[in-house]
Amino acid sequence: MAYLQLNFESQCLQGNTAISVILPDKTRGLTPREFYSQEKRYKVLWLLHGTFGDHSDWIRKSNIELYACERDLIVVMPSALNSNYANWPEFSIGYNMYDFLTEELMPLIYGWFPASDKREDNFIAGLSMGGRGTCVYAFSHPEKFAAAAVLSACPRNIELLPEMEPGMWERTQGSIKNAGGLEAYLASYENTWRIAGEKAKTGELPRLYFATGKNDMFYGAFLEFQKYAEEIGLDAEFEAIDGYAHEWRFWDLTIQHALAFFGLDDAGAGNPF
């Protein structure tokens, strides 16, 4: 594969940002002129990092480049600070991460690279905070993604947070303040628990895959959401795996499961080595 690290000034983030991009290699047996002049458009995976991470996490800590190579898949990995993939208009001079992915980064990738902009060719996945971001984008922009994979994360019922997850409740206070108060937060795109209930039976949502380790600190929240999904009739696949916690070994394993769930199971598409 070709691996790019791209630095550019972002309008939405109001400053320079960095992304990592994996691109399919030239097919062996074709000349450079034959390969690079063709008009083929590739499928795209938008892959989100977790808290404390950046665009380099998936490259440094998983085998995503290998998995992409096997499938002739473009993978785009943005940096999001610890933003929860939300807009933060009062941070510095403004940091609008929610807008950045769909309104700026997606047009950039479609315009600069041989990436397909068709819904059926676009997929989104993320771990932990990136799983939260995956829910936000998949639920609020279902027209952009064929399927989504949420790893070690899930929508939360905010009414249960103070008792079930006091640490998460404390962290959410910043998001509530940023939204303009609890009522505004509950009505916003960040309340994916509400949106899941509203859209569960509409047929609008992408195909959904949720995975967690049974030793994960958020396993209880995963079970609570799985129960809720059954109640509201949300069509989703859930996988809980023994022996794993909130860790990269789990995310490297389940991103492979996610690719298969997406239908990207042709592991012989790219160059063999």
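The numbering used here numbers the first residue of the sequence shown as 954 and each following residue consecutively.
Cβ atoms here follow ideal geometry from the backbone N, Cα and C, with glycine treated the same way.
CA-CA distance, residue 1054 to residue 961, rounds to 14 Å.
Beyond the five residues adjoining it in sequence on each side, residue 1185 comes within less than 8 Å, by CB distance, of 1149, 1150, 1153 and 1154 in the same chain, given in chain order.
By the criterion of a C-beta distance shorter than 6 Å, residue 994 is surrounded in its chain by 1067 and 1069, once the five residues flanking it on both sides are discounted. By the neighbour-count criterion, in which 16 or more other beta carbons inside 10 Å mark a residue as buried, residue 1109 falls on the buried side.
According to the DSSP assignment, residue 1046 belongs to no alpha helix (DSSP H), since it is labelled neither H nor E. When beta bridges are read from the DSSP output, residue 1020 appears opposite no residue.
Within the region 1128-1208, complete beta strand (DSSP E) segments of at least 3 residues are found at 1160-1166 and 1189-1194, given in chain order. In the assembly as shown, residue 975 is a buried residue. Its beta-carbon has 16 or more other beta-carbons within 10 Å. Non-local C-beta neighbours of residue 1159 in its own chain, meaning closer than 7 Å and more than five positions away in sequence, comprise 1091, 1095, 1098, 1099, 1100 and 1101, ordered along the chain. Residue 1104 places its beta carbon less than 7 Å from that of residue 1204. Comparing alpha-carbon positions, the option among 1040, 1208 and 964 lying closest to residue 1084 turns out to be 1208. If you look at residue 1069, you'll find it isn't in any alpha helix (DSSP H); DSSP assigns it neither H nor E.
Residue 964 carries a coil assignment under DSSP once its states are collapsed to helix, strand and coil.
Assignment of beta-bridge partners to residue 982 by DSSP yields no partner. DSSP, read as helix, strand or coil, puts residue 972 in strand.
A check of alpha carbon separations from residue 1075 across 983, 1047, 1027 and 1048 identifies 1027 as the nearest.
DSSP places residue 1063 within a helical segment (H, G or I) once states are collapsed to three. For the pair of segments examined, the region 1135-1143 was found not to touch the region 1163-1179: the number of CB pairs separated by less than 8 Å stays below three. Taking C-beta atoms as the reference points, residue 954 and residue 1043 fail to come closer than 7 Å. Beta-bridge annotation (DSSP): residue 1076 is paired with 998 and 1100. The closest CA to that of residue 1086, considering only 992, 986 and 999, is found on 999. The C-beta distance from residue 1001 to residue 1038 rounds to 7 Å, short enough to meet the 8 Å contact threshold. Between the beta-carbon of residue 1009 and that of residue 973 there is about 6 Å, and that keeps the pair under the 8 Å contact cut.
Distance from the CA atom of residue 1021 to the CA atom of residue 977, rounded to whole angstroms, is 8 Å. Residue 1121 is not a Cβ neighbour of residue 1003, given a cutoff of 7 Å.
Under the three-state reduction of DSSP output, residue 956 falls in the strand class.
In this model, residue 1124 and residue 1131 are separated by some 12 Å (Cα to Cα). If the five residues before and after residue 1195 are omitted, its C-beta is found closer than 6 Å to the C-beta atoms of 1167, all from its own chain and listed in chain order.
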